[in-house]
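Down below is the structure, laid out as structure tokens.
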Ligand SMILES: [Zn+2]
């Protein structure tokens, strides 16, 4: 899980660009008189975004027909959105293809951080759009805030701690390896941020989703370790393995679940004894 940079350009310019690119003349005629209103609303969104208070946004309350027309502006495959995706997923290390809400799946949709069902006016606000996978998008749904607090990480704004907060516990029964994940704040991570990380992991069902695919990670890791052909891993081999994990953590985030799992496996004597079989 890593932070990403929001759209660098002016938000309302993006709105105008999308509206201009639409072929539907009736939609353009319908939305033309709303331009000033939308520009003001976009400014409010940007102010709340800058002051970390998106959870305090109040819906403008457009009619059902107005909402339908505003939502018509969004089309995942349209050029403006393809360009936006390219911008948002391009990092100094190349394209980031993984959904950062889960780091499990490839991104194939946009999450509207502030849901379009409640805020049709922000359907195409570029800072409201987050590249993600469809599973995370449906888990997030429209329930995104509670008591003026957001329930999901906004990876443009909520800066992830460098410290470890995800931990894995390994159990080996005969040759069957199982894992449990938990979150712990052992290093004074800001309590509000840690609480947000907890609600994000819980509501996205991340522990269950990690466990569903952890068997594959564990067996691949065991066969990588067996490739050293040493019943007890030498100091040098261990150094190589830890270097690989470190590089994975730099690329995928300090709390990347696969790296945390592998580090816990290295620490588990019963697991390391499996190298003898
Ligand atoms: Zn996801």
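In this note's numbering, the protein residues as written are 671 to 947.
Even glycine gets a Cβ: it sits at the ideal position worked out from N, Cα and C.
*Skipping 5 residues on each side, what residues in its chain have a beta carbon closer than 7 Å to that of residue 729?*
788, 789
*Residue list, Cβ distance to ligand 1 heavy atoms smaller than 7 Å*: 769, 771, 772, 774, 775, 802, 803, 805, 806
*Given residue 800, which residues of its chain have a CB within under 7 Å of its CB, disregarding the five upstream and five downstream residues?*
780, 781, 783, 825
*Inspect the beta-carbon positions of residue 899 and residue 859 and report whether they are closer than 7 Å.*
no
*Check each candidate in 714, 716, 940, 727 and name the one with the smallest Cα separation from residue 815.*
727
*Taking only the alpha-carbon atoms, compute the straight-line gap between residue 676 and residue 757 and give it to the nearest angstrom.*
9 Å
_DSSP bridge partner residues for residue 853 (one or two, in chain order)_ = 836
*Assuming residue 744 and residue 797 form a contact by the criterion Cβ under 8 Å, report the distance between their Cβ atoms to the nearest whole angstrom.*
14 Å between Cβ atoms; not a contact.
*Can you give, in chain order, each stretch of the alpha helix (DSSP H) that sits fully within the stretch 697 to 734 and has at least 4 residues?*
705 to 720
*When 701, 673, 679, 931 are compared against residue 737, the one with the closest alpha-carbon*: 701
*Where residue 821 falls: helix, strand or coil (DSSP)*: coil
*Straight-line Cα distance separating residue 785 from residue 872*: 19 Å
_I believe residue 766 touches residue 697 by the beta-carbon criterion, under 8 Å. Please report the beta-carbon distance rounded to the nearest angstrom._
With a Cβ gap of about 33 Å, residue 766 and residue 697 do not count as contacting.
*Using three-state DSSP, classify residue 924 as helix, strand or coil.*
coil
*Could you check where the alpha helix (DSSP H) with residue 863 kicks off and where it finishes?*
861 to 873
*As assigned by DSSP and simplified to three states, the class of residue 841*: strand
_Pairwise C-alpha distance: residue 927 and residue 852_ = 11 Å
_From the DSSP secondary-structure annotation, give me the bridge partner or partners of residue 801._
780
*asked:* Using CA atoms only, rank isn't needed, just tell me which of 821, 874, 884 is closest to residue 723.
replied: 821
*Selected residue, minimal CA-CA separation from residue 846, among 837, 902, 892*: 892
*Go ahead and pull the three-state DSSP assignment for residue 790.*
helix
_8 Å contact criterion, which residue 948 and residue 888 should meet: CB distance rounded_ = Absent from the structure is residue 948, since the part of the chain shown begins at 671 and ends at 947.
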